[in-house]
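Student: Before I ask anything, let me first share the structure, which is written out below as structure tokens.
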Amino acid sequence: MNANIKEIAKRANVSIATVSRALSGQNNVREETKKHILKIARQLNYNPNLLARNFVKGKSNIIGLILPDISDEFFSEIIKSIDDTSFISGYFTMVISSHKNRSLVESINTMMNSGIAGGFILLVPFMNSEIEKALKSERVPFVIISGDSELGDYDIITIDNYNAAYNAVKFLADNGYKKIAHIAGPDENNDAALRREGFLNACTKLKLETKKSWIVKADFTLESGERAANLILKQKERPEVIFAANDMTAIGCYNAASKLGLKIPDDIAIIGFDDVLISQYVSPPLTTIKVDTETIGKTAAEKLIQKMTQTEKLKPQTIKISTELVIRNSC
């Protein structure tokens, strides 16, 4: 059963007016008190009539979130961080997934024109002229999360995919690996393209052996990772290590290696990218590049809320979140 404001006020030992101000995101409530009220509201499953409130206020405290695939573990970690950060500031999130029949452009137009969201965060794997056109209206503020910092004149939260991949290959070279394969992501994906570029340039500069047949495209899924690894591991000459473009692809490599009777890392070493939760629980635990999804989500939400509440338009900003190599036992 959902709680009402009166119940929250009683539990928090504050007035109903204070609860109302805290839940509507007003600034005249002490930060400590606001956090306490919001924590209780969440515990009691408080569910306000957001549309009615927005109509009365003339503005929305709903933050829209557009992403390619809501079921992906990497995206789910970012969603949680955005939702937690938004809720603490008195905002609520609404998620639209664009991976099936709904196109990215359609989702953007919905956010821009429906009047439901006061702003939105867009997780975009690529940019094209149709997306640029949809974003041009700027009817509501937005922030982009993308692996490519060169998408255009937008507020972008990103990581340095190129250097993260380059440094991962350097780590492999420093540990004696000379024959390296790569399972890449989709061609149109910005993150995948930059990781592949970092891999190739590192192999060239460090004089490591790779072959065209050792570079196989997948689509960031476990199944495609297993298929790609089979193509590599069944060759007459095998690499010593596979650098997978993300962790789910890397875990697919585990499946392929196991079915072929190969031991990790003795027969084939594997390194991933993202550090999703499951990567530390596979056997052996996966060496990978940690992407700080919590900081990405928090930074994106804070930037959007700043844009939603500011009176003057600021120059677009690109914020790079650092990555970290997490060394485990797969290589």
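Take the sequence shown: its position 222, counting from 1, is numbered 508 in the working numbering, and each next residue is one higher.
Backbone N, C-alpha and C define an ideal beta-carbon position, used for all residues, glycine too.
All of these numbers come straight from a predicted model, not from anything done at the bench.
Where does V342 sit, in a helix, a strand or coil, going by DSSP?
Tutor: Low confidence applies to V342: its pLDDT is 46, below 50, so where it sits in the model is not reliable, and the reading given next is rough at best. Correct three-state label for V342: helix.
Student: Would you give the residue range spanned by the alpha helix (DSSP H) that S258 belongs to?
Tutor: Past the boundaries of the shown model lies residue 258; the chain is included only from 287 to 617, so the question cannot be answered.
Student: Where does the unbroken beta strand (DSSP E) through T609 begin, and where does it stop?
Tutor: 609-612
Student: Comparing alpha-carbon positions, which option in V577, I352, I443 lies nearest I417?
Tutor: I352
Student: Could you work out which residue in Y332, G511, V455, R614 is closest to T490 when comparing CA atoms only?
Tutor: V455
Student: With a threshold of 16 other CB atoms inside 10 Å of the CB of N461, please say whether the residue is buried or exposed.
Tutor: exposed
Student: Could you name the residues that DSSP lists as bridge partners for D273?
Tutor: A question about residue 273 goes unanswered here, because the residues of the chain that appear run from 287 up to 617.
Student: Sort out for me which residues DSSP pairs F406 with in a bridge.
Tutor: G350, F428
Student: For my contact list, I394 and V577 are in at a C-beta cut-off of 8 Å; report their separation, rounded to the angstrom.
Tutor: The Cβ separation is near 24 Å, so there is no contact.
Student: Could you give the residue range of the beta strand (DSSP E) that holds I554?
Tutor: Element bounds for I554: n/a, residue is neither H nor E.
Student: For the region 491-503 against the region 463-474, do three or more pairs of beta-carbon atoms, one drawn from each stretch, fall closer than 8 Å, so that the two count as touching?
Tutor: yes
Student: What are the partner residues of I469, as DSSP defines its beta bridges?
Tutor: V502, A530
Student: Buried or exposed: which applies to T379, given that a residue is buried once 16 or more other Cβ atoms fall within 10 Å of its Cβ?
Tutor: buried
Student: Scan the region 433-460 and note each continuous beta strand (DSSP E) run of 3 residues or more that stays entirely inside, going in chain order.
Tutor: Listed in chain order, the complete beta strand (DSSP E) runs (minimum 3 residues) inside the region 433-460 are 442-445.
Student: Report the residue from I537, T371, K593 whose alpha carbon sits nearest the alpha carbon of A581.
Tutor: A quick correction: the sequence has Thr, not Ala, at residue 581. Nearest C-alpha to T581: T371.
Student: Take every Cβ of the region 425-441, pair it with every Cβ of the region 521-534, and state whether three or more of those distances are shorter than 8 Å.
Tutor: no
Student: Report buried or exposed for A303, applying the criterion of at least 16 other Cβ atoms within 10 angstroms of its Cβ.
Tutor: exposed
Student: Start and end of the alpha helix (DSSP H) containing S367?
Tutor: 359-374
Student: Taking the alpha helix (DSSP H) that T396 falls in, what are its first and last residues?
Tutor: Its alpha helix (DSSP H) spans residues 390-399.
Student: Could you tell me the boundaries of the beta strand (DSSP E) in which S384 lies?
Tutor: Run containing S384: none; DSSP gives neither H nor E here.
Student: Starting from the Cα of V502, find the closest Cα among L519, N487, A488, L492 and give me that residue.
Tutor: L519
Student: Give me the Cβ distance between L458 and F428, rounded to the nearest whole Å; I'm assuming they're in contact under 8 Å.
Tutor: Wrong, their Cβ atoms sit about 38 Å apart, outside the cutoff.
Student: With DSSP as the reference, label E293 as helix, strand or coil.
Tutor: Reduced to three states, the DSSP call for E293 is helix.
Student: For N314, which option in S375, I402, I537 has the closest C-alpha, if you only look at C-alpha atoms?
Tutor: Of S375, I402, I537, the residue nearest in Cα terms is S375.
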